[in-house]
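**Student:** Take this structure first; my questions come after.
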Amino acid sequence: MTKILTLREVLDITKVSRSTLYQMLDRDEFPRPMKLGERKNGWTDAQIEEWIAQRAKAAQIETSAKA
1 MTKILTLREV
11 LDITKVSRST
21 LYQMLDRDEF
31 PRPMKLGERK
41 NGWTDAQIEE
51 WIAQRAKAAQ
61 IETSAKA
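In my numbering, the protein residues as written are 1 to 67.
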């Protein structure tokens, strides 16, 4: 079952600051949240897991290229 994560949960999972997350959103480097209410947004756990996997893969490629 898909879980909806709040901003606080996403920040805790990704270990990025709120301002960094918003900067990444502005640069389209982070998945867009879905609107849950007038003042509430959320991400699916799958979106965040995929983003983390992509970051890990990019870091691995970058490390391999330097070697």
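We put the CB at the ideal spot given by N, CA and C, even for glycine.
A quick note: this is a predicted structure, and the numbers were derived from the prediction, not measured.
1) Strictly by DSSP, which residues pair up with Met34?
2) Check the C-beta distance from Ile4 over to Leu36 and give it rounded, since I have them as a contact under 8 Å.
3) Using C-beta distances below 6 Å, list every residue in its chain close to Met24, excluding the 5 sequence neighbours before and after it, in chain order.
4) Between the Cα of Leu11 and those of Gly42, Glu38, Arg27, Met1, spot the shortest distance and give me the residue it belongs to.
**Tutor:** The short version:
1) Gly42
2) 7 Å
3) Phe30
4) Gly42
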